[in-house]
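A.B. asks: This note's numbering puts the first residue of the sequence shown at 9, with every later residue one more than the last.
Handing you this structure, nothing more for now.
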Amino acid sequence: MTWDELLQKVLDAPNFKQLEMAKEASKIVLGYMTTRLDKASAMFLYSCTVSTFIGADGVISKPEYDLFCSIFEVEIPLEGLSETIKAACTKENIQVINEVIDSSPAEVKLAFVMLGAVFCSCDGVITPEEQELLSKYLK
């Protein structure tokens with residue numbers, strides 16, 4: 009399956025399937041992070057990773073918000089999520105995320121990309137900014 013076919017598959021998936029994909033990728037990503045970091049640091053980095061995917065195009069859509077709340081099993085106001093994303097998407101945090109992804113085994117790297125693909129596509133569109141972010145992790 010090519011990258012474009014994978015993105016199309018994620019785009020075409022119904023919401024419940026996207027949630028399943030995100031949860032499965034999350035298990036792999038968070039599991040890997042907890043082998044490298046203590047649990048609190050792993051959870052923080054994981055939430056920063058998700059925030060980076062949501063904030064890639066500078067807009068938090070309702071489907072992204074709903075997916076975030078489902079994955080983290082929380083209900084926070086959209087404005088609160090926006091503030092969280094701004095706080096999480098610092099240059100330092102993004103650098104750490106990049107280093108973790110770059111040093112990940114292939115299966116984990118694919119899970120990072122799948123997680124990002126689900127968050128970036130759950131609103132029905134993958135913007136050029138989202139495409140650029142995702143493609144950088146495919147290297």
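Positions of the beta carbon are idealized from the N, C-alpha and C atoms, including for glycine.
Does DSSP put CYS81 in a helix, a strand or coil?
C.D. replies: Per the sequence shown, residue 81 should be read as Glu rather than Cys. The answer is coil: DSSP assigns GLU81 none of H, G, I, E or B.
A.B. asks: Considering only the alpha carbon of each residue, which of LEU45, TYR54 and MET41 lies closest to GLY124?
C.D. replies: TYR54
A.B. asks: Which one of LYS144, GLU137, SER143 and LEU146 has the shortest CA to CA distance from VAL67?
C.D. replies: Closest option to VAL67, Cα to Cα, is GLU137.
A.B. asks: Assuming the contact rule is C-beta atoms closer than 8 Å, SER59 and THR98 should be a hit. Round their C-beta distance to whole Å, please.
C.D. replies: The pair is not a contact, with the Cβ atoms about 10 Å apart (cut-off 8 Å).
A.B. asks: Give the C-beta separation of ILE62 and PHE120 to the nearest angstrom, bearing in mind that I take them to be a contact with Cβ-Cβ under 8 Å.
C.D. replies: Not a contact, Cβ separation roughly 14 Å.
A.B. asks: Assign SER55 to one of three DSSP states: helix, strand, or coil.
C.D. replies: Residue state for SER55 is assigned as helix, using DSSP reduced to three classes.
A.B. asks: What's the C-alpha gap between GLN26 and CYS130?
C.D. replies: 7 Å
A.B. asks: Roughly how far, in whole angstroms, is the beta-carbon of ALA50 from the beta-carbon of THR42, given that I think they are within contact range, below 8 Å?
C.D. replies: 4 Å
A.B. asks: Output needed for SER69: all residues of its chain with C-beta closer than 7 Å, excluding positions within five of it in sequence on either side, in chain order.
C.D. replies: ASP131
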